[in-house]
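Using UniProt numbering, the first residue of the sequence shown is number 1, and each one after it goes up by one. Here is the structure we will look at.
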Amino acid sequence: MAKGGSGLSRPAGGGRRPGAVNTAFVLDMQRKLHRWSTAKADRVFADLFNIVCDRRTLDEAWRRLARNRGSQTPGTDGVTRKRVEERPGGAAGFLEDIREELRGGIYRPEPVRQRLIPKPGRPEKMRPLGIPTLKDRLVQMALKLVLEPIFEADFYPTSYGFRPGRSTHDALGAIQRRMHPTAHGPSLYRYVIEGDIKGCFDAIDHHVLMNRVRKRIGDRKILRIVRAFLTAGIMVEGTVRHPVTGTPQGGIISPLLANIYLTAIDERYGRWSLRPRERPQNAADRRHYDRQRGKPTFYMVRYADDFVVCADGTREEAEAEKQALAAFLKEELCMELSLEKTKITAVEEGFDFLGYNVVQTKARRTGRLVGNLFIPKSKLKDLRRKIKVKVRGMPTGRPLAYLLGSLNPIITGWRNYYRYATHATRDFNNLDWWMWGRVWRWLRKKHKGRKLHELRRRFTDPAKSNWRWAENGVSIRTFLEGGSFRYPYRGIRIPNGWNEPSEQFRKGNVHFWSSINTLAKL
């Protein structure tokens, strides 16, 4: 974007609600920034501060922040969304004060409040979570609205974490695709390097990160604010310390900054995977060129700081790549690869990634080697433990409907995430019977001396099932009722809301998009 003006058109109100006008302005702005960034890879955007300070950008940032449950979590200043709305002037006055601070150059981020939360699947281990103040979260959201479309154009198609339109299942689908046979025969990838970086978010070097940000952002005011967020203090037990590395986990802009930093890993494997703005055939040609000369090729899939590298060479070549990757991380990113946790696994043995167990097995009908996703036994065990603790800890004085209401979100969330696994219905059926028994034991404890048929007559809904616990219109959900599905592989050109092709383009270029998905299999 050239200096001296944003170049963005301001949409007329046209009788629309203010919220709709703000959303339209922000979306139009994001699409233009993304289009300009995609068109020119070396373009430096020098006039972004006025867009961040625009009332419509701040209004949209507040709208997105307010609908988040975390807006009721206070930072070090104790301010929550409810307190802002109850103060004189309400949210409008709050936004105007922030805007004046930004435009006057007196805005300074407050220290974040550190809170320790258990790691998923490992409740005995804790990870620090930094909670910024509500004002800082609002400014971070406004920055994210402006910066994300610019850097999204530079992110690699093999990166999936914390990016609009992408999910963990897309990352799993990409890995599964590498293990499927192609038109030329079985998959050539025989080993997988499971990447593990020691304290990734705490080890991000501020100097290296800011250098990568400056490649795209030339607005000094924006750079100053980003730098201020990185160096903002962390309040731990009443004491403020100032970090020299890392981005606080919990900040709205932290995932974007981490992706900017970790894109260096994607660039390292860009020879064998698709780069931004290039045809899929180019990456396939480079892989074919190296294979013809007996060189190993690697294909990396990354979700934030979790990544796996598929290798089509020997175990010795995979081991050499592991050592080379460790040296690269240390020299380029000032990070340390955990050599103990970074394992090299044969694809037929399987490995865990993003909560699934990925294994190459023989297809039942064809006998060909294909990639499959299974629910790990450890995840089934963790779920049973979590439900057991919740049911045992529920006082018998509570009604059954209260217990069922607390279990239903767990069942629904777990079912929706793992319904794409192979043999998911088998595991879901076993969980349903186990769940039924846990609730029955709780009811037997609550109503001592009652027989099973009495409890079933009183606490089931005959209209749904005589074996489904229910009370006062609240019935327990089951794992099996959601069924299982095959996750639709969406290829490498995944829409993010700013790059969606027009209807005319989709109708006139069906062959183009089908060829992209075909080449992605190579």
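Built from N, CA and C at the ideal position, the CB exists for glycine as well.
Helix, strand or coil at residue i according to DSSP, with G and I counted as helix
| i | result |
| --- | --- |
| Asp-42 | coil |
| Lys-362 | strand |
| Ile-51 | helix |
| Ala-311 | strand |
| Ser-502 | Low confidence applies here, because Ser-502 scores a pLDDT of 40, under 50, leaving its location unreliable; read the following figure in that light. Of the three classes helix, strand and coil, the one that applies to Ser-502 here is coil, per DSSP. |
| Ile-117 | strand |
| Asp-352 | strand |
| Val-236 | strand |
| Arg-277 | coil |
| Val-439 | helix |
| Phe-374 | strand |
| Asp-461 | strand |
| Ser-254 | helix |
| Ser-37 | helix |
| Phe-201 | coil |
| Leu-231 | Going by the sequence as given, residue 231 is Thr instead of Leu. Correct three-state label for Thr-231: helix. |
| Glu-336 | coil |
| Leu-188 | coil |
| Asn-259 | helix |
| residue 524 | Nothing can be reported for residue 524: it is not among the residues displayed for the chain, which extend from 1 to 522. |
| Met-126 | strand |
| Leu-134 | helix |
| Val-474 | strand |
| Ser-159 | strand |
| Val-389 | helix |
Sequence-distant residues of its chain with Cβ nearer than 7 Å to residue i (five each side left out)
| i | result |
| --- | --- |
| Gly-14 | Residue placement at Gly-14 cannot be trusted, given a pLDDT of 43 that sits under 50; the coordinates are not used to answer. |
| Val-474 | Ala-401, Leu-404 and Gly-405 |
For residue j and residue i, the rounded distance between their alpha carbons
| i | j | result |
| --- | --- | --- |
| Ile-98 | Leu-209 | 26 Å |
| Ala-401 | Arg-212 | 53 Å |
| Gly-193 | Phe-353 | Looking at the sequence itself, residue 193 is Ile, so the reference to Gly does not match. Computed Cα separation, rounded: 11 Å. |
| Leu-373 | Leu-333 | 32 Å |
| Met-1 | Arg-227 | Here Met-1 scores only 48 on pLDDT, less than 50, and its place in the model should not be relied on; the value that follows carries that caveat. Looking at the two C-alpha atoms, the distance is approximately 21 Å. |
| Arg-67 | Gly-449 | 47 Å |
| Ile-131 | Val-236 | 11 Å |
| residue 556 | Gly-482 | The chain is shown only over 1 to 522; residue 556 falls outside these bounds and no answer can be derived. |
| Ala-41 | His-180 | 33 Å |
| Arg-457 | Arg-83 | 48 Å |
| Arg-477 | Lys-377 | 22 Å |
| Trp-433 | Pro-128 | 37 Å |
| Val-79 | Thr-133 | 7 Å |
| Ala-92 | Arg-220 | 27 Å |
| Thr-76 | Pro-111 | 7 Å |
| Pro-157 | Asn-466 | 49 Å |
| Leu-58 | Thr-314 | 54 Å |
| Leu-27 | Leu-147 | 13 Å |
| Ile-234 | Ile-252 | 16 Å |
| Thr-412 | Tyr-487 | 17 Å |
| Arg-64 | Phe-485 | 31 Å |
| Arg-103 | Phe-94 | 14 Å |
| Arg-56 | Val-44 | 24 Å |
| Arg-365 | Leu-443 | 45 Å |
| Arg-286 | Arg-392 | 58 Å |
| Thr-460 | Phe-428 | 20 Å |
| Leu-380 | Trp-440 | 20 Å |
Whole-angstrom C-beta distance between residue j and residue i, which should lie under 8 Å
| i | j | result |
| --- | --- | --- |
| Tyr-303 | Ala-171 | 5 Å |
| Tyr-418 | Ala-311 | Not a contact, Cβ separation roughly 28 Å. |
| Thr-245 | Asp-196 | Not quite, the Cβ-Cβ distance comes to about 18 Å (not below 8 Å), so this is no contact. |
| Leu-329 | Leu-339 | So it is not a contact: roughly 11 Å between Cβ atoms. |
| Leu-480 | Thr-425 | 6 Å |
| Arg-177 | Tyr-489 | 6 Å |
| Gly-173 | Gly-497 | Actually they are not in contact, since the Cβ atoms of Gly-173 and Gly-497 sit about 20 Å apart, beyond 8 Å. |
| Pro-399 | Glu-471 | 6 Å |
Contact set for residue i: own chain, Cβ-Cβ below 8 Å, skip 5 residues either direction
| i | result |
| --- | --- |
| Ala-20 | none |
| Leu-116 | Met-126, Arg-127, Pro-128 and Leu-129 |
| Glu-317 | Pro-296 and Ala-311 |
| Trp-414 | Leu-383 and Phe-479 |
| Leu-223 | Met-210, Val-213, Arg-214 and Ile-217 |
Proximal residues to residue i (C-beta, below 6 Å), its chain only, five neighbours per side dropped
| i | result |
| --- | --- |
| Thr-361 | Asn-372 |
| Phe-229 | Pro-109 |
| Val-186 | The identity of residue 186 in the sequence shown is Pro, whereas the question assumes Val. Result list for Pro-186: Leu-369, in chain order. |
| Gly-161 | Tyr-303 and Ala-304 |
| Lys-521 | Note that Lys-521 scores a pLDDT of 37, beneath 50, so its modelled location is shaky; the value from the coordinates is reported in the next line. Thr-182. |
| Tyr-107 | Glu-101 |
| Phe-151 | Ile-260 |
Residue i beta carbon near the ligand ATP (any heavy atom closer than 6 Å)
| i | result |
| --- | --- |
| Ala-463 | This structure does not include the ligand ATP; it has no bound ligands of any sort. |
Discussion item. For the structure I just gave you, are there three or more beta carbon pairs, one from the stretch 267–275 and one from the stretch 290–300, closer than 8 Å?
Written reply: yes
Worksheet item: Is the stretch 160–171 close to the stretch 37–53, with three or more CB pairs under 8 Å?
Response: no
Practice prompt. Check whether the stretch 137–144 touches the stretch 275–282, counting contact only when three or more Cβ pairs, one atom from each stretch, lie closer than 8 Å.
Written response: no
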